[in-house]
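What follows is a set of notes on a single structure, which appears directly below.
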Amino acid sequence: MKKVEVRYQGWGENWLLGTLADNGRRILFEYSPEALAQQLELSPYRLKLRPEAYDDFPAHLDHLPGLIADSLPDGWGMVLMNRVFRKHNWDTQAVSPLARLGFIGHRSMGALTFEPEIPSEMVPTWLDLHQLANDSQIVLHDEDPSSLEQLAMLGGSPHGARPKALVHRDRLSGRISSHPSELTDPLLVKFQAKGEPKEVCAIEAVYAQLAERCGLEMPVSYYFDLGPDLAGFGVQRFDVESGMRVPVHTLAGLLHADFRQPQIDYRTFLRATKFLTKDVREVWKAFERTVFNVLFNNRDDHTKNFSYRLNKARQWELAPCYDLTFNIGPGGEHYMDVEGEARNIRRRDLLALAKNADLNEVDAGRIIDRMAIEVDALPQLLDNAPISKASVNQLSRQIQANRDRLK
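Take 1 as the starting number for the sequence shown in full-length UniProt numbering and just add one per residue.
Below, the structure is given as structure tokens:
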């Protein structure tokens with residue numbers, strides 16, 4: 001595949017954003033005349049509107065613009081995609097990024113779709129989450145279940161290492177379907193990874209409750225107990241609203257950053273939020289996310305775990321939270337440091353971050369204190385969830401130590 005058209009379908013619109021072309025040496029992207037006329041800046045830091053073509057994109061983005069690379073999966077989704085390609089005797093090493101975008105087609109998350117699309121044969125059907133979770137484990141153990149192509153259609157676009165599926169939940173019956181209707185809500189459901197206990201899903205469900213208690217914007221979430229060894233955690237998707245696609249952009253994609261490397265700090269996150277949203281209220285939200293991650297030991301805080309969402313008025317906002325959970329981080333540290341500290345972050349580090357982002361330090365201190373109070377709710381939340389005593393002790397001990405440093 002040498003050329004792919006990128007269409008913008010945000011908030012019910014549908015027009016050609018631009019064209020990707022592979023000339024055999026590099027991939028080029030050129031905005032369409034209509035995109036230039038629309039004057040909608042979707043990625044103003046690295047991909048500002050201009051009539052000239054862009055090229056020379058980073059290898060860690062598959063030589064694509066960050067805005068478009070956001071539509072490709074990484075861990076789980078890439079595993080599924082490669083399995084399907086091998087099943088059809090494709091050399092996965094030779095499959096181009098443009099072909100992968102064609103495989104995603106209209107099943108992408110966010111507002112961008114890709115043509116020509118590699119057709120799929122999945123028909124609408126009711127789904128069994130237990131079967132999806134079980135089949136995901138089969139894939140993780142290097143075997144191909146009979147449902148491989150269905151798994152790829154449902155889970156071939158989201159980011160992240162854990163198995164995932166994009167499904168639809170009936171509001172009345174709670175049943176899960178592969179296709180939307182007027183009575184369903186779009187969900188992203190994730191299952192535990194290879195070798196993980198099912199309690200990882202319960203821990204993430206507890207963190208969703210903690211985020212709500214701390215005043216963070218958190219999508220409606222669900223915990224699914226799928227048997228003795230399997231579980232799922234689902235969240236309502238924020239890239240779909242009233243049946244319409246909603247534009248989203250990760251921090252990694254915005255900055256063309258390599259999310260696998262701890263190269264971006266929280267100061268950059270707050271500055272990028274100010275640059276894109278031009279709204280100090282969104283910067284405060286970003287600071288609140290920072291405090292939450294530090295306090296509750298969410299150290300898997302890489303640049304793909306923060307996103308922005310374009311509202312109906314074509315204004316960028318910080319997207320709702322996702323992937324919040326207890327994590328010890330790379331080498332016991334956060335991916336993103338706070339004023340140079342990534343392990344034992346103290347109150348003074350957070351206040352310095354606020355000051356450097358032109359946020360009032362007194363108000364920043366109040367946010368720290370308000371969230372620290374919610375640590376007291378943790379024992380009951382953990383006791384009410386199917387989480388082992390060993391994990392409860394580990395979480396409680398580490399989070400209490402974090403709170404002590406923030407006094």
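Just so you know, even glycine gets a beta-carbon here, dropped at the ideal spot from N, CA and C.
Where do the N-terminal and C-terminal ends of the beta strand (DSSP E) with residue i fall, by residue?
i	result
R309	S307 to L310
residue 492	Limits of the chain in this structure are 1 at one end and 407 at the other, which puts residue 492 out of reach.
residue 429	An answer regarding residue 429 cannot be provided, because it is not within the stretch 1 to 407 covered by the chain.
A231	A231 to Q236
L382	Where L382 is concerned, there is no enclosing beta strand (DSSP E), although the alpha helix (DSSP H) it sits in stretches over L378 to D383.
T184	T184 to F191
Y222	S221 to D225
V338	Counting along the chain, V338 falls outside any beta strand (DSSP E), and DSSP gives it neither H nor E.
T19	W15 to D22
W316	W316 to L318
K3	K3 to Y8
E115	L112 to E115
My guess is that residue i and residue j are in contact by the Cβ rule of under 8 Å, so how many angstroms apart are they, rounded?
i	j	result
W76	R162	6 Å
P158	L129	So it is not a contact: roughly 16 Å between Cβ atoms.
residue 451	I399	The shown model of the chain, from 1 to 407, leaves out residue 451, and the question about it has no answer.
L353	R267	6 Å
A152	V84	5 Å
V240	P186	5 Å
Got a sec, what are the start and stop residues for the alpha helix (DSSP H) residue i sits in?
i	result
residue 479	Absent from the structure is residue 479, since the part of the chain shown begins at 1 and ends at 407.
A390	K389 to R405
Y207	E199 to R213
E288	V280 to L295
H141	Segment: none, H141 is in no alpha helix (DSSP H) and carries neither H nor E.
L154	L148 to G155
A372	E361 to I373
R100	P97 to I104
G253	L251 to L255
K355	R347 to N356
G75	G75 to K87
E34	P33 to Q38
Between residue i and residue j, is the Cβ-Cβ spacing less than 7 Å?
i	j	result
A53	L72	no
R26	D70	no
I328	E199	no
E34	W15	yes
L318	K278	no
S307	V248	yes
V4	L17	no
E361	D349	no
M336	D301	yes
S178	T125	yes
R237	G10	no
residue 408	V280	Absent from the structure is residue 408, since the part of the chain shown begins at 1 and ends at 407.
P97	L140	no
D170	L154	no
L395	A372	no
A211	A385	no
V167	L230	no
So which of the options has the shortest CA-CA distance to residue i?
i	options	result
V375	R26, L36 and N293	N293
A165	P330, I118 and L80	L80
H334	E182, N298 and L127	N298
Q93	G102, N82, F103 and L101	N82
G66	E282, L255 and E339	L255
T303	P262, G340 and G331	P262
R213	E288, R7, P228 and S178	E288
E13	S181, R347, H141 and R314	R314
D74	G253, S221, M244 and E241	G253
S391	A257, R100, F326 and I104	F326
L216	F114, V283, E41 and S32	V283
D46	I368, N393, A401 and T250	Checking the sequence, you will find Arg at residue 46 rather than Asp. Of I368, N393, A401 and T250, the residue nearest in Cα terms is T250.
D258	R397, P219, N305 and L127	N305
V338	P330, K407, L395 and I264	I264
L61	Y322, K274 and R260	R260
T19	D404, E115 and I203	E115
R22	F57, F224 and S32	According to the sequence provided, residue 22 is Asp. The question's Arg does not apply to it. The residue with the shortest Cα to Cα distance from D22 is F57.
F233	S221, S242 and G227	S221
Q39	Y8, A59 and I68	Y8
D142	R86, D185 and I176	R86
G331	Y322, P320, N344 and C321	N344
Q131	P44, K274 and G227	G227
N356	K389, W316, D404 and K274	K274
I68	G105, K389, A37 and P51	G105
Y223	R370, Q150 and G174	G174
D225	P219, S242, M218 and P197	P197
N402	R346, R370 and L381	R346
With a cut-off of 7 Å, does the C-beta of residue i fall near any C-beta of chain E?
i	result
R26	Looking for chain E here will not work: only one protein chain is present.
Just checking, does the stretch 200-207 make contact with the stretch 94-111 on the three C-beta pairs under 8 Å criterion?
-> no
Evaluate contact between the stretch 136-145 and the stretch 178-197, counting only Cβ atoms and requiring at least three cross-stretch pairs below 8 Å.
-> yes
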